[in-house]
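Colleague: A single structure is presented below for examination.
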Amino acid sequence: MTSATPPSSRGSSPEKVCHSMTQTEVLKPLLGAVGEAAETVCALRRRRRVLSKDGHSNVRIEHVSGRGALYLRDIWTTFLDMQWRYKLFLFSATFAGTWFLFGVLWYLVALVHGDLLEFDPPSNHTPCVMQVQTLTGAFLFSLESQTTIGYGFRCITEECPAAIILLILQLVITMVLEIFITGTFLAKVARPKKRGETVKFSRHAVVSNHEGRPCLMIRVANMRKSLLLGCSVTGKLLQTSQTKEGETVRLDQRNVPFQVDMSSDSPFLILPLTFYHVIDDSSPLRAWAIKGTSLNNVDTFIAVGKIRVTQRDSW
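Structure, rendered in structure tokens:
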């Protein structure tokens, strides 16, 4: 995301172009008008962005009842958006937890059937599971069954139908969990949005004349050798405004269209390209260009979208 302010048209003073270097909206004047820009910097230094430079939202929604239940209703997206450290912890905890849980169930089966050592079963006694006479043995049998590493001297017998049903349930439930967890891992790794990290914007957005018209200009480059097709750049002006009825709109969004030269079609991003937004009468930036309005509570959000990488994916 790049923030910029159009030039002031007062007198013959040089154009003022500001760019944001930090997440806290500290603006640095590039040309002229030091006094007025210094006041603006002091005001904006105390305000956070709505969106950070890397596109992450700085808005935090609180005081929503049943928030956890809302995330659980869309558990797939919740797992995909989860950070890697939490995902790895949950992955490990899920397997260890199911091993122990079913180990306890196998121990209860042996307890009910009288297979444990404290019952001192006779020599001709047939247990539900061979060599499962302690909780440790039940845990090891659960681990061997779930990971399908093959049984050693622990194996199930025909003595207990309940043990057969429990084995089937364990294999089915754990197989579903493994499919889900593996799927979320693969989906998170293959998310197309990671491709956007190698599409870079210029550090500065500038306002200057292009073909006789004032334009807001940015440059976009593809850092990888894989080609980007169907590329387009869109912009949004985010500001706080007030309606005629006196209602305050905290996030008023205005479209800021961009184009390459005089073409509005999707460009071929094989070389770094400069995108232009013409500041004309229909531009939402026109008020700042003519009136020199204060920069408070104004952000310009610019994003690259609708990209297909050699016909394989889109983001």
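Residues are numbered in the numbering used here as their position in the sequence shown, beginning at 1, plus a constant of 18.
A virtual CB, placed ideally from N, CA and C, is assigned to each residue, including glycine.
Quantities reported herein were computed from a predicted structural model and do not represent experimental measurements.
1. At the level of alpha carbons, what is the spacing between residue 161 and residue 247?
2. What are the boundary residues of the alpha helix (DSSP H) that includes residue 107?
3. Reducing DSSP to helix, strand and coil, say where residue 259 ends up.
4. Sorted by chain position, which residues of the same chain lie with C-beta nearer than 7 Å to residue 178's C-beta, five sequence neighbours on each side aside?
5. Comparing C-alpha positions only, which one of 77, 71 and 70 sits nearest to residue 268?
6. Please state the DSSP three-state secondary structure of residue 179.
7. Given a cut-off of 8 Å, decide if residue 228 and residue 336 are closer than it, judged by their beta-carbon atoms.
8. What are the complete alpha helix (DSSP H) segments, minimum 4 residues, inside the stretch 131-209?
9. When DSSP builds the beta bridges, which residues end up paired with residue 75?
10. Count the other C-beta atoms from every protein chain shown that fall within 10 angstroms of the C-beta of residue 101, then say buried if there are 16 or more, exposed otherwise.
11. Within 10 angstroms of its Cβ, does residue 285 collect 16 or more other Cβ (buried), or is it exposed?
12. Quick one: Cα of residue 240 to Cα of residue 250, how far?
13. Leaving out the 5 sequence neighbours to the left and right, which residues in its chain are closer than 7 Å to residue 205 when beta-carbon positions are compared?
14. Span of the beta strand (DSSP E) holding residue 239?
15. What's the C-alpha gap between residue 216 and residue 186?
16. With 16 other CB atoms within 10 Å as the buried threshold, where does residue 260 fall?
17. Which residue wins for smallest C-alpha separation from residue 270, given the options 319, 299 and 243?
18. Just reading off the beta strand (DSSP E) that residue 97 is part of, what are its end residues?
19. So who's on the other strand from residue 270, going by DSSP bridges?
20. Whose C-beta lies closer than 6 Å to the C-beta of residue 192 among residues of the same chain, with five residues either side of it excluded?
21. Would you decide whether residue 46 is buried or exposed? Buried here means 16 or more other CB atoms lie within 10 Å of its CB.
22. Can you tell me the Cα-Cα spacing of residue 256 and residue 297, whole angstroms?
23. Can you tell me which of the three DSSP states residue 305 falls into?
24. Is residue 87 helix, strand or coil by DSSP?
25. Check the DSSP bridge columns for residue 275 and list the partner residues they point to.
26. Under the DSSP definition of a beta bridge, which residues are partnered with residue 226?
Modeller: The short version:
1. 49 Å
2. 102-131
3. strand
4. 127, 131 and 146
5. 77
6. helix
7. Since the displayed the chain opens at 19 and closes at 333, residue 336 lies outside it and no answer follows.
8. 153-165 and 179-207
9. 69
10. exposed
11. buried
12. 13 Å
13. 98
14. 231-240
15. 47 Å
16. exposed
17. 319
18. That residue, residue 97, is in no beta strand (DSSP E); its alpha helix (DSSP H) goes 93-99.
19. 257
20. 116 and 164
21. Because the pLDDT of residue 46 is 39, which lies under 50, any placement of that residue in the model is unreliable, and the question is left without a value.
22. 16 Å
23. helix
24. helix
25. 252
26. 233
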